[in-house]
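Protein chains: 2
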Amino acid sequence: MVGIKDVAKRAGVSIGTVSNVVNRPHVVAAATRSRVLSVIEELGYVRDESARQLRAGRSRVMGLLVLDLGNPFFVDVARGAEQAAHAEGLNIITCNSGQRSELEASYLAMFAEQRVRGVLLSPVATSGEALRTFRRTGTPYVFVDRKAPASEASSVSVDDVAGGALGGRHLLETGHRRIAFVNGPAILAQCRDREQGLRTALAGSGAELTVLEAIGLDVPSGRDAGARLLGTSPRPTAVFCANDLLALGVLQAMVGAGVRVPDEMAIVGYDDIEFAAAAAVPLTSVRQPARRLGRTAAELLLAETSDTKPERQAVVFTPELVVRESTRVRR
Amino acid sequence: MVGIKDVAKRAGVSIGTVSNVVNRPHVVAAATRSRVLSVIEELGYVRDESARQLRAGRSRVMGLLVLDLGNPFFVDVARGAEQAAHAEGLNIITCNSGQRSELEASYLAMFAEQRVRGVLLSPVATSGEALRTFRRTGTPYVFVDRKAPASEASSVSVDDVAGGALGGRHLLETGHRRIAFVNGPAILAQCRDREQGLRTALAGSGAELTVLEAIGLDVPSGRDAGARLLGTSPRPTAVFCANDLLALGVLQAMVGAGVRVPDEMAIVGYDDIEFAAAAAVPLTSVRQPARRLGRTAAELLLAETSDTKPERQAVVFTPELVVRESTRVRR
DNA sequence: ATCGGCTCCTGAAACGTTTCAGATCGTGGT
DNA sequence: ACCACGATCTGAAACGTTTCAGGAGCCGAT
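In structure tokens, the structure reads:
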């Protein structure tokens with residue numbers, strides 16, 4: 001492996017000069033610079049990031065840990081974060097906890113060993129324990145898609161209670177009185193909050209709510225929940241799902257059973273992923289600004305890594321209802 | 332930042348002993364070991380991966396660079412690769428070139444600076460230039476979703492010509508004679524091969540083929556292509572798309588224009604992503620074993636990094652047609 | 001001629017590990 | 001009493017960078 005020493009020897013300069021050519025080209029004379037550059041080219045020298053980082057004491061990457069990369073929502077979050085990081089010359093390594101606490105812990109440990117510049121985290125549970133290391137070492141971290149008290153860390157989230165209420169009100173307005181909610185694992189704050197928002201919206205309306213908890217937040221879990229839903233009696237006339245993947249699964253179950261959507265069963269999803277609009281029956285969904293979420297979180301994190309220590313803040317975006325065929329009222 | 336030295340001092344041992352406790356616990360006496368471990372716990376020592384890697388000369392991570400993480404197909408590829416890597420105690424960092432050569436080059440450069448253990452690459456173009464560094468340094472790389480001559484590198488791919496033919500034959504069998512192909516950027520080998528397979532299948536059948544090149548391989552590009560398709564006259568009766576995202580876009584355009592699928596326009600996609608089955612009209616698609624692709628590629632790479640230098644190989648999987656509503660013949 | 005102030009370059013220290021040759025100590029065999 | 005040996009630990013070197021104090025050479029002003 002060719003190192004800076006080899007380049008220095010071959011170009012007849014000191015290693016300090018080679019380093020300067022690479023990092024502060026202006027301080028070295030033009031003639032020397034071009035000679036060194038051509039040797040670098042000739043030998044195919046590539047600087048060793050680990051040595052660089054060891055010396056610098058901090059790395060040039062940020063860690064991003066999301067709940068589920070199989071959900072296009074988080075892919076968009078990641079895109080937004082990456083965009084913001086690149087704008088500052090930093091790289092992001094994205095990891096997928098798959099909603100498993102032990103994987104989350106293992107990735108966070110990896111981030112710590114890598115001495116990442118900062119961590120973006122959409123946590124499974126509270127994860128207080130796993131974050132101790134970052135707190136002690138002063139590595140900043142920002143919660144994504146989960147609100148946190150500003151005393152602990154900055155966070156960027158979308159108001160899930162409002163989102164749940166948005167879906168609930170919409171179903172009431174479209175005339176439904178027997179409503180089901182297909183929720184994901186209650187360990188996730190998002191799921192709890194959406195359910196709470198829905199309950200609030202339905203309170204006092206006289207509407208009847210059935211809650212089904214799905215195993216996961218994915219399409220198969222949705223199919224499964226859909227099948228259970230078909231077995232309940234009296235059958236609800238509308239179902240609100242904690243995310244679009246679940247909603248797509250429920251929709252498949254309905255289509256498979258010959259239940260007409262929205263006539264016999266209206267469906268509302270959450271996230272408004274790209275595929276919601278392309279579904280068998282285009283899905284009404286609660287839209288979240290995924291990309292913006294990621295970008296803002298990364299920007300907050302970048303601000304915290306700068307020398308000027310800014311205030312921590314909890315940014316909360318507001319979701320928006322997108323009405324499509326799956327809840328359309330037929331006259 | 333607490334380092335191995337601090338632990339050593341506090342525990343009253345040498346740094347060598349601390350290192351041994353962490354890396355080869357069996358060589359240190361039980362009493363010492365537990366004393367050191369409790370100091371590690373107390374001080375919150377986390378070893379510095381960059382120093383470790385600098386000393387070791389090689390890292391514990393593999394790089395994976397895919398064409399588009401917005402495509403669930405590649406998310407599955409990444410999952411498969413990650414699974415195989417974890418089984419060997421390695422981490423994977425996944426990056427997204429978004430089909431942009433310059434981003435591809437930049438990520439590959441990053442991999443080189445990180446001294447990754449190996450590289451999994453689904454290349455945009457041939458990228459011969461960018462790979463020179465890896466060739467010189469002996470860093471193994473494996474092509475994913477792209478066949479390569481075994482003389483250059485191992486590769487794991489799916490037979491795209493066969494896949495194109497599969498779709499073509501299916502459309503012929505279901506009675507279509509005016510067929511459109513919505514292709515992605517011709518720079519991608521996958522796109523060229525699928526088109527070629529389709530052409531081969533149609534050859535001599537008397538069927539007429541129209542090829543539209545989409546700007547990207549995503550849903551909006553598909554919508555755009557769909558709109559163009561609606562303007563052609565005589566209008567084809569079937570359209571084959573280079574991937575499912577395009578197909579979903581085309582489908583949206585058809586639904587939006589009131590064109591019935593499959594009666595007035597049959598649609599075949601490619602990849603069989605999860606959302607294909609949940610689409611407005613469930614999509615017939617050419618299925619690829621995405622997860623297996625990633626897993627196999629990672630295994631090949633791992634084998635090449637082991638001391639026993641195995642033969643390079645070009646693994647080629649065979650795609651499979653999944654017939655759904657979008658090409659169903661109505662009687 | 002001398003000196004201050006440039007510009008350009010050198011050499012060495014430091015970053016936090018791992019590894020390895022050897023030091024030390026106790027034990028059991030002769 | 002001596003030796004060989006294993007078990008356990010130490011101390012220093014090495015990995016490839018960046019950084020920084022300072023040295024060398026040169027120019028223009030005094």
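Quick mapping for you: the protein sequence lines, in order, are chains H and A.
For the first sequence, this note's numbering assigns the number 1 to the initial residue and increments by one for each residue that follows.
For the second sequence, this note's numbering assigns the number 332 to the initial residue and increments by one for each residue that follows.
Every residue, glycine too, gets a C-beta built ideally from N, C-alpha and C.
Check                                                                                                                                                           : Outcome
Taking C-beta to C-beta, are Glu152/H and Val124/H nearer than 8 Å?                                                                                             : no
Could you tell me which whole alpha helix (DSSP H) segments of length 4 or greater appear in the stretch 109-174 of chain H?                                    : 128-137 and 160-173
Would you report the Cα separation of Asn574/A and Ile335/A, rounded to the nearest angstrom?                                                                   : 52 Å
So Ala238/H contacts chain A; which residues on that side make the cut at Cβ distance below 9 Å?                                                                : Ordered by position in chain A, no residue passes the 9 Å Cβ test against Ala238/H, which lies about 19 Å from the chain.
Using alpha carbons as the reference points, say which of Ala11/H, Gly163/H, Arg132/H and Thr32/H lies closest to Gly197/H.                                     : Gly163/H
What are the boundary residues of the alpha helix (DSSP H) that Gly347/A is part of?                                                                            : Ile346 to Asn354
With 8 Å set as the bound, which would you pick, yes or no: does the beta-carbon of Glu274/H sit closer than that to a beta-carbon of chain A?                  : yes
When burial is assigned at 16 or more other CB atoms within 10 Å of the CB, is Asn183/H buried or exposed?                                                      : buried
Going along chain H, which residues have a C-beta under 9 Å from Val550/A?                                                                                      : Glu274, Phe275, Ala277 and Ala278
Looking at the unbroken beta strand (DSSP E) that takes in Asp602/A, where does it start and where does it end?                                                 : Ala597 to Asp602
When the cut-off is 8 Å and only beta carbons count, does Thr425/A lie next to chain H?                                                                         : yes
List the residues of chain H whose Cβ lies closer than 8 Å to the Cβ of Asp379/A, in chain order.                                                               : Leu54, Glu113 and Arg115
Can you give the Cα-Cα distance for Gly557/A and Ala303/H, rounded to whole angstroms?                                                                          : 44 Å
Looking at chain A, which residues of the stretch 300-323 of chain H have a Cβ within less than 8 Å of any of its Cβ atoms?                                     : none
Out of Arg295/H, Glu49/H and Gly70/H, state which residue places its alpha-carbon closest to the alpha-carbon of Val77/H.                                       : Arg295/H
Anything in chain H within Cβ reach of Gly375/A, meaning under 9 Å, just list it in chain order.                                                                : Arg132, Thr133, Arg136 and Thr137
Using three-state DSSP, classify Gly515/A as helix, strand or coil.                                                                                             : coil
How many angstroms separate the CA atom of Leu631/A from the CA atom of Ser485/A?                                                                               : 7 Å
Helix, strand or coil: how does DSSP classify Ile4/H here?                                                                                                      : helix
Taking DSSP as the reference, what is the three-state secondary structure of Ala725/A?                                                                          : The question about residue 725/A has no answer, for chain A in this structure spans 332 to 662.
From the beta carbon of Ala51/H, is the nearest beta carbon of chain A less than 8 Å away?                                                                      : yes
May I have a chain-ordered list of the alpha helix (DSSP H) segments no shorter than 4 residues that lie completely inside the stretch 567-617 of chain A?      : 575-588
Between Ile267/H, Pro72/H, Gln252/H and Ile40/H, which lies nearest to Val21/H when the distance is taken from Cα to Cα?                                        : Ile40/H
Looking at the strands, I want to know which residues DSSP matches up with Glu651/A.                                                                            : Arg618/A
Using a Cβ-Cβ cut-off of 6 Å (strictly less than) and excluding sequence neighbours within five positions of Ala148/H, which residues of its own chain qualify? : Ser155
What do you get for Val7/H, buried or exposed, if any count of 16 or more other CB atoms within 10 angstroms of its CB means buried?                            : buried
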